[in-house]
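Letter by letter, the sequence shown follows residues 11 to 213 in my numbering.
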Amino acid sequence: MKPKQEDPKEMVGGCCVCSDENGWTENPLVYCDGQGCTVAVHQACYGIVTVPTGAWFCRKCESQERAARVHSGGRRIFSQRCELCPSKDGALKRTDSGGWAHVVCALYIPEVRFGNVTTMEPIMLQLIPQERFNKSCYICEEGGKESRAIIGACMQCNKSGCKQHFHVTCAQSMGLLCEEAGNYLDNVKYCGYCQYHFSKLAE
């Protein structure tokens, strides 16, 4: 585990999944040792069964290093993006279709499942309705990134009746994601709101 890197452009503020900057003895923040990688995750947020005492690599870097050794004589070649959003950075895991998806995208899109809930992989995408892939991210559009707006799948604002759709990672970068109490004792509901309705939560 390498020490925390301070690069606000690359990191979402601590853990790439939950955005919390704090780590705990029973759930430490783990930093990827991949070359140029800025991934930091809590052990529980990324499904790390045992934190190694030496170097640790996120799945993307682990796969990249393996591919570089096998296919390119040591050169690193990797530019896969998440199947659920336009972003290539962050804490990715393999999907059941052989692609990649962010753990945070998997948690906030309701139909996504994990093949193994302990290791949080593979990320199972087959239950996502096509209409999620047909929606456009209003955050991308308002930011002048129309071509990115239609990539991947969108979640909908959790405010009943609101029709705003957005990428999970776009909402995460703006601080619009939250966790709410679920229906069961230890259950958590992962929610996201548009900017307007998120601002109303604080009132």
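Where a beta carbon is used, it is the ideal one built from N, C-alpha and C, also for glycine.
In the three-state reduction of the DSSP assignment, Phe67 falls in the coil class, being assigned neither a helical nor a strand state.
A residue is called buried when at least 16 other Cβ atoms come within 10 angstroms of its Cβ; Val127 does not meet this threshold and is exposed. As a beta-bridge residue in DSSP terms, Phe124 pairs with Ile133. Secondary-structure assignment with DSSP links Lys199 through a beta bridge to Glu190.
Straight-line measurement puts the Cα of Ile160 at about 21 Å from the Cα of Tyr206. Between Pro132 and Asp106, the gap from beta carbon to beta carbon is short of 8 Å. It is roughly 13 Å from the alpha-carbon of Gly192 to the alpha-carbon of Pro120. Secondary structure at Thr60: coil, using DSSP grouped into helix, strand and coil. Put simply, of Val51, Gln182 and Thr35 the residue whose alpha carbon is nearest the alpha carbon of Cys42 is Val51. At a Cβ-Cβ threshold of 8 Å, Lys103 and Val113 count as neighbours. Pairwise C-beta distances place the stretch 197–212 in contact with the stretch 176–189, as three or more of them are shorter than 8 Å. Shown here, Asn168 sits in coil according to DSSP, grouped into three states, outside any helix or strand.
Of the residues Gly46, Cys26 and Gln136, the one whose Cα lies closest to the Cα of Leu39 is Cys26. Ala54 and Glu75 have their alpha carbons spaced roughly 24 Å apart. Here Arg142 carries a helix assignment [DSSP, helix/strand/coil].
In the DSSP annotation of this structure, the continuous segment of the alpha helix (DSSP H) that includes Val113 starts and ends at Val113 to Tyr118. Per DSSP, reduced to three states, the secondary structure at Leu94 is coil, with no helix or strand assignment.
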